[in-house]
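Participant:
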Amino acid sequence: MAKSVETKRGREKEMVSQMIALYCKKQHHTKNGLCAACAALDAYARQRSEKCPFMETKTFCSNCSVHCYKPVMREKIRAVMRFAGPRMILYHPVAAIRHMVESQKEKRRLENTE
Ligand SMILES: [Zn+2]
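Residue numbering for the sequence shown is 309 to 422, as defined by our numbering.
1. With L349 as the anchor, note down where its alpha helix (DSSP H) starts and where it stops.
2. Ligand 1 and Y352: does any heavy atom of the ligand fall closer than 8 angstroms to the residue's C-beta?
3. Where does T315 sit, in a helix, a strand or coil, going by DSSP?
4. If you reduce the DSSP assignment to three classes, tell me which class E322 lands in.
5. Taking M389 as part of the alpha helix (DSSP H), name the residues at either end of that continuous run.
6. Between E383, K415, R319, T315, which has its C-alpha nearest H400's C-alpha?
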């Protein structure tokens, strides 16, 4: 169990970083790496995942992390997700599909327990 939680945590961090990188490249036209603002957001997002107490039960940040981000970072990560979310299927199809499947499962699970 502990191992799968760590796998999940690693995937979440990886996915968030990919989304931020995509957003920065397209929106801020950075050539290599991230601009300062996106680097800060990336570090913050990774730290949230690192400390997330719900990692075992939740599937992904979209279902939960917006609630634990501080407001200014929440706005930024929302902008990133709005932009990068639909584009992930083009750039990182495997990760995007896995994420969609897992999010759907989670959604169904949450609906069933209500
Ligand atoms: Zn940027």
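Ideal Cβ placement from N, Cα and C applies to all residues, glycine included. These figures come from a predicted structure and were not determined experimentally.
Facilitator: Here's the rundown:
1. Boundaries of the alpha helix (DSSP H) around L349: 344-359.
2. Every heavy atom of ligand 1 is 8 angstroms or more from the Cβ of Y352, so no.
3. Three-state DSSP puts T315 in a helix.
4. DSSP places E322 in helix when its eight states are reduced to three.
5. Unbroken alpha helix (DSSP H) run through M389: 379-392.
6. Selected option, being the one with the closest Cα: R319.
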